[in-house]
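Numbering (the numbering used here), first residue to last: 11 to 1000. Beta carbons: idealized from backbone N, C-alpha and C, even for Gly. It should be emphasised that the depicted structure is a prediction, and the values quoted were computed from it without experimental measurement.
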């Protein structure tokens, strides 16, 4: 080695291989450093002194350029020019001799520098040959290029749009734009952005939505993947998007995988927003070398990559999920073991796929397979059938040679089923609409295009579809009186983006009037109304029915006259008019006299016929402006709108009474009723209909009390008494609810023995100011006597049973029965049921009736009393002598007792006439073989008189006052031995 101390130090310690060569064409190795010895794998003695190209010969079997010629030329250039020569990467096989003597060449890659070395006099001493083994680097680059080719083929074969963008931030860290780094062909087709790589989105689309820049900037900043379905306003398309960060965070790069779902979106909107097919997005990748696997694993599309021989290279998670587990072990040739059928709807639909028809088989033959729709059977246990779309493409290296294939698979089973379900749903909806007679319509507010069904057109009187329907044409059909309202409802719904409903009249082409009901809703896009849609139905029949129901609700079904509801509705308008015009009006309250006996005697059919005839007479006998209303029962109200003076109302009342008094011929019957009428005048007697009707009602009561068959004007003086009766009526109603009635029991004594033979149940009310003489007539007049009588009967039976239980003898209880109760056709049945429910004998209760009660209808009285007698009930004729009954009628009645009224008994001591009448009544009773009871015995002398004249029983304060049930029980036990009886001597008043 030349004597160059500094160079020698560098030479020996250099970390790269270096040798010194003679400056001749033979290139003899003069010296080598340790790094060169190590790299050449030969001992130093095999190197020094030998020619370089003998030590490192060419491979005679390698036809390619191995870099030897370039090395020779480089050394020659260094000798000739005296300047260093740099050699880039060269393929230079190294000859290797194994320990067993076998010679082989190992392909390696080297880079070298050939530099001339001069002495201090400038004389060329040698050539410094510095070399580096870059085999690993070259092989890595070649593998990377092959990987890139595979990635590029996959990148370009994916059926979704894909791009990588670099986010651009401003000085405050806010994203303001992004630049495209990579795009695939689908990206260009789906977005329409050509040659986008290297350009900014704001440059390509100035109107681009800044929101998307912000979303992608957030992905780049945080590394959190983004998944969404969004509409690009700038592109006017809908996309399923998955964005995730790639490279290091400071690189600000985001990969965006997207699929154009605009057609799906529109289809879903047409099919009532069916389930959308959402693409799962690709997962985040941390480095570019891992990008392929990251995309494969993250994408929801099943991806399979095979090499040129069909061997499995990669399959993502979606593929394993799709098939259950991946079926390949070595080669795609195993397709013969798979099960698949064509599902593309062609003539081969349902035919099983042959092995060479599978998408991967075709791709490995170099064919493109864009969209194969097939049905497969998975490898799950049990197997599952799915419908998938296969798209495949060959993978080629940089020389264009077939390197493998990639197949993307998407499970569309649910989508196919959903589409079928939507079709079925649409069919069912159409059937439902047609069955319900509902027409449907849809208006595109942007284009004015209108969809309408035939049932819709039929609602407007058309039997054939109308080709040129529009909103304007619809409004032309609406009745002019409804048109403005309908248009306002539609505009309000569209303006406020809310649903609406209205009913209106429409005019059909034939001129007939019909009713329709419309329900509408607004479809919103971009915050404003985009479509209006809804249903319409013909409701003419319903409206006609409602009108009939309204008429029925305002009219009496029996007479056809307006009813109470119509009274107040009409009177409100009438009185308002009269108030404005200062006109008088009158209210006539009419009640039919002697009507109830017609119902009781001849039945309700006859009574109804009389009411209908009376209504007709009332309607025909008045002016056209006057109104007749039936309040209910036999009560009517007449409204006289304009009257000159009260005398006119009186004239109308007399005319009405005359008309009502005329005989009513019902079948073979000739019936008569009369009318009592009360009159109130507007505004003197009241300014509202409630007051006027109430005052007319009071006047009608005055007419009845004045002998009936007349009319009376309202007077405040009489109203005071009527109000008192009304007050009692209201208190009675409250009493029935509050259980404030109770019974007292007054004993009836045998005057000969002093024994208590019965007790009379007397009704009392826990009200200090109102006695039976006042509230009983009101109860009878209002019909409340019936529930009161039912309670009284129940309470008397209960008390009798209690006394028996406490050891008292079976003392009969006499119960007073009003004429109203006695007329009730169910009276006998109710009496029998009460005794049976309480477990007492029928003779435990006795019935007291007045003469007027039985004489009102003698035949009915005889029938009822005969029935009661058969049950063992005793019947008492109360207040004997105060009525006007015929003795012949009295003899027909099956009576047991008569009670001489106390009005006669109380005057026996000083009134000869009373003595004569009492004696006669006792004689009549004895003649008819009846028990006789004298009421009102207040003194011993009165008791002696009635006893001495043949009266067998007596009742009065002298013998015992009315007492509650428990008080009577105590009185009976204590007073029985001292009761006055036959031991008293007979005496008289003569």
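**Request:** Taking all protein chains shown into account, decide if residue 234 is buried (16 or more other Cβ within 10 angstroms of its Cβ) or exposed.
**Result:** exposed
**Item:** One or two residues paired with residue 97 in a DSSP bridge
**Value:** 122
**Item:** Closest residue to residue 925 among 941, 940, 960 (Cα-Cα distance)
**Value:** Selected option, being the one with the closest Cα: 960.
**Message:** For residue 868 and residue 832, what's the separation of their Cα atoms in angstroms?
**Reply:** 12 Å
**Request:** Express the C-alpha separation of residue 264 and residue 226 in angstroms, rounding to a whole number.
**Result:** 7 Å
**Prompt:** Shortest alpha-carbon distance to residue 147 belongs to which of 119, 975, 428, 188?
**Reply:** 119
**Item:** Closest residue to residue 154 among 770, 407, 364, 375 (Cα-Cα distance)
**Value:** That would be 407, whose Cα lies nearest to the Cα of residue 154.
**Asked** Would you report the Cα separation of residue 143 and residue 36, rounded to the nearest angstrom?
**Response** 23 Å
**CA-to-CA distance, residue 808 to residue 773, given in whole angstroms** = 15 Å
**Prompt:** If we cut at 8 Å on Cβ distances, does residue 203 have a partner in chain B?
**Reply:** No chain B is part of this structure, which consists of one protein chain only.
**Asked** Can you name the start and end residues of the alpha helix (DSSP H) that residue 811 belongs to?
**Response** Here the alpha helix (DSSP H) through residue 811 covers 795-815.
**Asked** How about the stretch 506-515 and the stretch 488-497: do they share at least three Cβ pairs that are nearer than 8 Å?
**Response** yes
**Request:** Check whether the Cβ of residue 932 lies closer than 7 Å to any heavy atom of the ligand MN, and answer yes or no.
**Result:** This structure lacks the ligand MN; in fact it carries no ligand of any kind.
**Prompt:** Who are the Cβ neighbours of residue 179 in its own chain at under 6 Å, not counting the five residues just before and after it?
**Reply:** 185
**Request:** List the DSSP bridge partners of residue 946.
**Result:** Per DSSP, none; premise fails for residue 946.
**Item:** Extent of the continuous alpha helix (DSSP H) to which residue 9 belongs
**Value:** As displayed, the chain neither begins before 11 nor continues past 1000, which places residue 9 out of reach and without an answer.
**Three-state class that DSSP yields for residue 155 in the structure shown** = Looking at residue 155 - three-state DSSP - the assignment turns out to be helix.
**Message:** On the criterion of 16 or more Cβ atoms from any shown chain inside 10 Å, does residue 282 qualify as buried, or is it exposed?
**Reply:** Only weak support exists for where residue 282 lies, its pLDDT of 47 falling under 50; the value from the coordinates is given anyway. Looking at its Cβ environment, which holds fewer than 16 other Cβ atoms inside 10 Å, residue 282 is exposed.
**Prompt:** Residue range of the beta strand (DSSP E) that residue 353 falls in?
**Reply:** Per DSSP, residue 353 belongs to no beta strand (DSSP E) and is neither H nor E.
**Asked** In this structure, does DSSP put residue 668 in helix, strand or coil?
**Response** helix
**Message:** Measuring straight from C-alpha to C-alpha, what distance separates residue 253 and residue 458?
**Reply:** 39 Å
**Message:** Here's the rule: buried if 16 or more other CB atoms are within 10 angstroms of the residue's CB, otherwise exposed. What is residue 128?
**Reply:** exposed
**Prompt:** So who's on the other strand from residue 140, going by DSSP bridges?
**Reply:** 28, 123
**Asked** Among 771, 745, 384, 229, which has the Cα closest to the Cα of residue 802?
**Response** Per the Cα distances, 771.
**Asked** So, are the CB atoms of residue 659 and residue 596 less than 8 Å apart?
**Response** yes
**Item:** Member of 933, 412, 50 whose CA lies at the smallest distance from the CA of residue 320
**Value:** 412
**Prompt:** What's the gap between the Cα of residue 425 and the Cα of residue 450?
**Reply:** Between the alpha carbons of residue 425 and residue 450 lies a gap of roughly 27 Å.
**Prompt:** Leaving out five residues before and five after residue 983 in sequence, what residues of the same chain have Cβ atoms less than 6 Å from its Cβ?
**Reply:** none
**Request:** Tell me whether residue 497 sits in a helix, a strand or coil according to DSSP, three-state version.
**Result:** Helix, per DSSP.
**Request:** Could you name each continuous beta strand (DSSP E) segment of 3 residues or more that falls completely within the stretch 190-268, going from the start of the chain to the end?
**Result:** 236-242, 247-256
**Asked** Who does residue 529 pair with in a DSSP beta bridge?
**Response** Residue pairing for residue 529: DSSP places it in a beta bridge opposite 511, 545.
**Item:** Neighbourhood of residue 625 by C-beta, 6 Å cutoff - its chain only, sequence neighbours within 5 removed
**Value:** 569, 571
**Item:** Selected residue, minimal CA-CA separation from residue 871, among 827, 855, 845
**Value:** 827
**Beta-carbon contacts of residue 400 that lie in its chain and below 7 Å, excluding the five residues immediately before and after** = 369, 379, 382, 384, 417, 419
**Item:** Per-residue DSSP class, three states only, for residue 476
**Value:** coil
**Message:** So the candidates are 757, 780, 765, 743; which of them puts its Cα closest to the Cα of residue 795?
**Reply:** 743
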